Amino acid sequence: MSIRVYNTLTRKKEEFTETGSTISIYVCGVTPYAHTHLGHARPSVVWDVIKKFLRYQEYQVFHVQNFTDIDDKIIAKANQEGKTALEVSNYYANDYLESMDALGVERADLYPKVSEHVNEVIEMIEALIANKHAYDVDGNVFFDVLSFPGYGKLSNQRLAELQAGTRFEVDPLKRSPMDFALWKKSKPGEPAWDSPWGQGRPGWHIECSAMSYKYLGAAFDFHGGGSDLIFPHHENEIAQFEGATCEPLARYWLHNGMLNLREEKMSKSQGNFVTIKDVLAKYPKELFRFYILSTHYRSELEYHDTKLEEVNRGWQRINECARKLSARVQGKTAEPVEVSGQEERLVAALEKAEAQFRDSMNDDFNTALAIAAIFDLLRELNGYLDRTDDGPASIYVLSQAYQLLQTLAGDILGILKSDDQNLGLGLTEPLMELLLDLRTQLRTEKQYQLADIMRNRLLVLGIVIEDTPQGSQWKIKDE
RNA sequence: GGCGGCAUAGCCAAGUGGUAAGGCAGAGCUCUGCAAAAGCUCCAUCCCCAGUUCAAAUCUGGGUGCCGCCUCCA
Numbered sequence: 010m011s012i013r014v015y016n017t018l019t020r021k022k023e024e025f026t027e028t029g030s031t032i033s034i035y036v037c038g039v040t041p042y043a044h045t046h047l048g049h050a051r052p053s054v055v056w057d058v059i060k061k062f063l064r065y066q067e068y069q070v071f072h073v074q075n076f077t078d079i080d081d082k083i084i085a086k087a088n089q090e091g092k093t094a095l096e097v098s099n100y101y102a103n104d105y106l107e108s109m110d111a112l113g114v115e116r117a118d119l120y121p122k123v124s125e126h127v128n129e130v131i132e133m134i135e136a137l138i139a140n141k142h143a144y145d146v147d148g149n150v151f152f153d154v155l156s157f158p159g160y161g162k163l164s165n166q167r168l169a170e171l172q173a174g175t176r177f178e179v180d181p182l183k184r185s186p187m188d189f190a191l192w193k194k195s196k197p198g199e200p201a202w203d204s205p206w207g208q209g210r211p212g213w214h215i216e217c218s219a220m221s222y223k224y225l226g227a228a229f230d231f232h233g234g235g236s237d238l239i240f241p242h243h244e245n246e247i248a249q250f251e252g253a254t255c256e257p258l259a260r261y262w263l264h265n266g267m268l269n270l271r272e273e274k275m276s277k278s279q280g281n282f283v284t285i286k287d288v289l290a291k292y293p294k295e296l297f298r299f300y301i302l303s304t305h306y307r308s309e310l311e312y313h314d315t316k317l318e319e320v321n322r323g324w325q326r327i328n329e330c331a332r333k334l335s336a337r338v339q340g341k342t343a344e345p346v347e348v349s350g351q352e353e354r355l356v357a358a359l360e361k362a363e364a365q366f367r368d369s370m371n372d373d374f375n376t377a378l379a380i381a382a383i384f385d386l387l388r389e390l391n392g393y394l395d396r397t398d399d400g401p402a403s404i405y406v407l408s409q410a411y412q413l414l415q416t417l418a419g420d421i422l423g424i425l426k427s428d429d430q431n432l433g434l435g436l437t438e439p440l441m442e443l444l445l446d447l448r449t450q451l452r453t454e455k456q457y458q459l460a461d462i463m464r465n466r467l468l469v470l471g472i473v474i475e476d477t478p479q480g481s482q483w484k485i486k487d488e
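For my numbering, count along the first sequence from 1 and bump the result up by 9.
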């Protein structure tokens with residue numbers, strides 16, 4: 010089954026056709042002038058999972074994500090704090106990367122910055138002027154929207170309607186109200202670069218066109234970003250790119266839904282945000298990823314204080330199962346054996362789960378469905394775990410199960426806790442073994458009172474004891 | 001005013017023509033010294049109205065409600 014994706018450009022789900030062995034991806038990054046907030050986590054986690062899934066499907070991926078480090082807000086912040094614009098943007102770009110690391114998001118292959126690509130920007134503007142899509146007014150260069158017939162094709166807007174809806178004050182220098190700045194003439198005290206039009210700096214949208222063209226060329230595979238970027242940012246990107254190069258920009262446009270904070274869209278400018286670091290100080294990254302991936306990427310997502318508590322229990326079940334599998338398989342060698350009976354049934358369940366997962370992801374990266382496939386598998390796994398002994402056939406299929414769960418939930422979705430989160434360190438393990446041995450002895454002698462005291466006191470210390478048919482087990486209590 | 005999206009059980013959430021995935025919460029049961037974990041069973045006819053169709057949550061038209069974008073925003 011091939012991959013199908015919803016393409017904003019055509020407004021329908023399309024089959025993804027590959028043009029080479031490497032899939033090229035450009036995702037709009039951030040303007041680094043404030044701490045990285047929860048809203049940024051959504052595209053990051055989603056694309057992280059998409060990339061990992063594509064590799065699982067044996068594609069290669071090349072991922073570029075920009076930093077728009079020249080911007081009015083950065084300059085304003087720099088002035089306010091008595092720093093240079095570059096100091097401010099570097100600081101927050103670094104904060105962004107740290108937040109991504111903390112989320113378990115794999116880094117992009119490239120993080121180009123506008124400040125390092127002003128030449129490319131200038132070249133593209135020159136091409137636009139040469140192609141009669143842009144004009145220079147006293148050191149400002151604007152894109153001439155009326156000159157580009159395809160304007161509005163991504164956001165499905167008609168120019169006449171857009172102009173009628175203009176609510177902001179129109180720069181009198183513009184020929185048409187919808188024209189937008191490619192190059193801004195610098196004012197005193199602002200960072201400025203030399204250009205054929207005098208000292209100035211790039212406008213907002215041009216950097217993405219120039220840098221995606223430089224690193225990915227024309228008609229690359231995926232262009233992603235939040236749905237709030239469809240208009241005007243991505244619409245303008247297309248106009249600039251195609252106006253300058255006469256070639257199409259990206260083949261598939263994917264837009265993720267907004268993450269809303271307490272029913273309101275989270276955004277930097279409204280001061281309505283929670284930083285990623287705040288959330289990760291309280292909750293494991295894997296839980297947060299589970300929450301994001303429980304909903305399809307195009308849907309809106311609500312976040313509030315108790316949200317992660319609500320999804321915690323289901324997430325624990327997945328990890329609980331992985332922990333049990335790990336405990337069973339650990340230190341044992343799985344010899345390939347002929348399977349039959351309940352082992353055969355389990356292997357069939359593994360295959361089914363893998364296929365369901367794959368189909369779900371192939372269908373517009375439906376992580377919600379993919380997670381459902383994992384829950385289905387969980388039931389089979391837990392049932393089997395209750396029934397089986399530690400015979401060679403059992404170890405063999407259990408290690409396969411463990412691997413599959415690690416691959417799907419761990420490697421691709423990134424929602425499995427790592428082993429050291431599950432197990433204690435150093436002395437803890439032998440000590441716990443000792444305690445459990447003693448307690449088992451007590452239980453054998455029916456000294457239940459003492460056994461219960463032990464269990465209760467360990468619970469106070471954050472250690473949970475579970476008595477199972479396979480003996481007593483312990484784990485670190487969550488929360 | 002324009003463009004787009006959404007409305008599915010108490011909550012979260014899949015599902016684009018064939019008679020409602022999954023998770024949480026809840027009820028009952030099994031296992032168990034007890035507890036925990038786990039398993040099993042139960043729990044919706046899909047905002048309203050009118051159409052198309054043998055058949056619609058899924059298509060069409062109308063209505064209501066919510067949200068996003070049109071200004072910086074992932």
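Glycine included, C-beta positions come from ideal geometry on N, C-alpha and C. Because the structure is a prediction, the values reported are computed rather than measured.
Within the same chain, show all residues whose beta-carbon is closer than 6 Å to that of residue 274, passing over the 5 residues directly before and after it, in chain order.
Bear in mind that the predicted position of residue 274 carries a pLDDT of just 49, short of 50, making it unreliable; the figure below should be weighed with that in mind. 267, listed in sequence order.
Only counting the same chain, and skipping five residues up and downstream in sequence, which positions put a Cβ closer than 6 Å to that of residue 129?
219 and 223
Take the Cβ of residue 204 as the centre, count every other Cβ of all protein chains shown within 10 Å, and call the residue buried at 16 or more, exposed below.
Of the residues assessed, residue 204 falls on the buried side of the cut-off, its CB having 16 or more other CB atoms within 10 angstroms.
Give the DSSP-derived three-state secondary structure of residue 401 in the structure shown.
helix
With a threshold of 8 Å on Cβ separation, who are the neighbours of residue 49 within its own chain once the five nearest residues in sequence on each side are excluded?
39, 105, 108 and 285
Taking 8 Å as the threshold, find out whether the region 397-406 comes into contact with the region 341-351 through three or more Cβ pairs.
yes
Consult DSSP for residue 226 and reduce its assignment to one of helix, strand or coil.
coil
Should residue 302 be labelled buried (16 or more other beta-carbon atoms within 10 Å of its own) or exposed?
buried
Let me confirm a value: residue 396 is counted as buried when at least 16 other C-beta atoms fall within 10 Å, else exposed. Which label applies?
exposed
At a cut of 8 Å, does the region 254-262 reach the region 15-31 through at least three beta carbon pairs?
yes
Counting pairs of Cβ atoms below 8 Å between the region 416-424 and the region 321-341, do you hit three or more?
Result yes; three or more Cβ-Cβ pairs closer than 8 Å.
Pick helix, strand or coil for residue 56, following the three-state DSSP scheme.
Of the three classes helix, strand and coil, the one that applies to residue 56 here is helix, per DSSP.
Indicate whether residue 300 and residue 270 have their beta-carbon atoms separated by less than 9 Å.
no
First and last residue of the beta strand (DSSP E) that includes residue 480?
Where residue 480 is concerned, the enclosing beta strand (DSSP E) stretches over 480-485.
Tell me which residue opens and which closes the alpha helix (DSSP H) that residue 330 is part of.
316-338
Residue 255 to residue 342, Cα distance in whole Å?
C-alpha separation (whole angstroms): 60 Å.
Hey, residue 60 and residue 79: beta-carbon distance below 9 Å or not?
no
Taking the continuous beta strand (DSSP E) assigned at residue 301, which residues delimit it?
Counting along the chain, residue 301 falls outside any beta strand (DSSP E), though it belongs to the alpha helix (DSSP H) covering 294-302.
Alpha carbon to alpha carbon, how far is residue 42 from residue 83? Give it in angstroms, no decimals.
5 Å
Quick test of the definition: if touching needs 3 or more C-beta pairs under 8 Å, does the region 113-127 touch the region 68-75?
With a cut-off of 8 Å, the region 68-75 and the region 113-127 count as touching, because enough Cβ pairs lie within range.
For the putative contact between residue 294 and residue 112, defined by C-beta atoms under 8 Å, what is the C-beta separation to the nearest angstrom?
The pair is a contact, with the Cβ atoms about 5 Å apart (cut-off 8 Å).
When burial is assigned at 16 or more other CB atoms within 10 Å of the CB, is residue 490 buried or exposed?
The structure shown does not extend to residue 490, since the chain is modelled only from 10 to 488, so the question has no answer here.
Of all the options 384, 338, 339 and 374, which has the alpha carbon lying nearest to the alpha carbon of residue 359?
Of the candidates 384, 338, 339 and 374, the one whose C-alpha sits nearest the C-alpha of residue 359 is 384.
Would the region 230-237 count as touching the region 190-201 if we require 3 or more Cβ pairs under 8 Å?
no
So, helix, strand or coil for residue 190, using DSSP?
Reduced to three states, the DSSP call for residue 190 is strand.
Using a 10 Å radius around the Cβ and a threshold of 16 neighbouring Cβ atoms, would you call residue 134 buried or exposed?
buried
With respect to the beta strand (DSSP E) encompassing residue 145, which residues constitute its N-terminal and C-terminal limits?
143-146
CB residue 62 to CB residue 297, shorter than 9 Å?
Not closer than 9 Å, so no.
Can you tell me where the beta strand (DSSP E) with residue 33 in it begins and where it stops?
31-39
So if DSSP puts residue 13 in a beta bridge, which residue, or which two residues, is it bridged to?
24 and 372
What does the alpha-carbon distance come out to for the pair residue 378 and residue 167?
36 Å
Would you kindly work out how many angstroms separate the C-alpha atoms of residue 241 and residue 189, rounded to a whole number?
9 Å
Runs of 4 residues minimum, wholly inside the region 68-100: which ones carry the alpha helix (DSSP H) assignment?
Fully enclosed alpha helix (DSSP H) runs of 4 or longer: 81-90.
Between residue 338 and residue 357, what straight-line distance do the alpha-carbon atoms span, to the nearest angstrom?
19 Å
For the alpha helix (DSSP H) that contains residue 250, what are its first and last residues?
Counting along the chain, the alpha helix (DSSP H) containing residue 250 begins and ends at 244-254.
Roughly how many whole angstroms lie between the Cα atoms of residue 210 and residue 184?
20 Å
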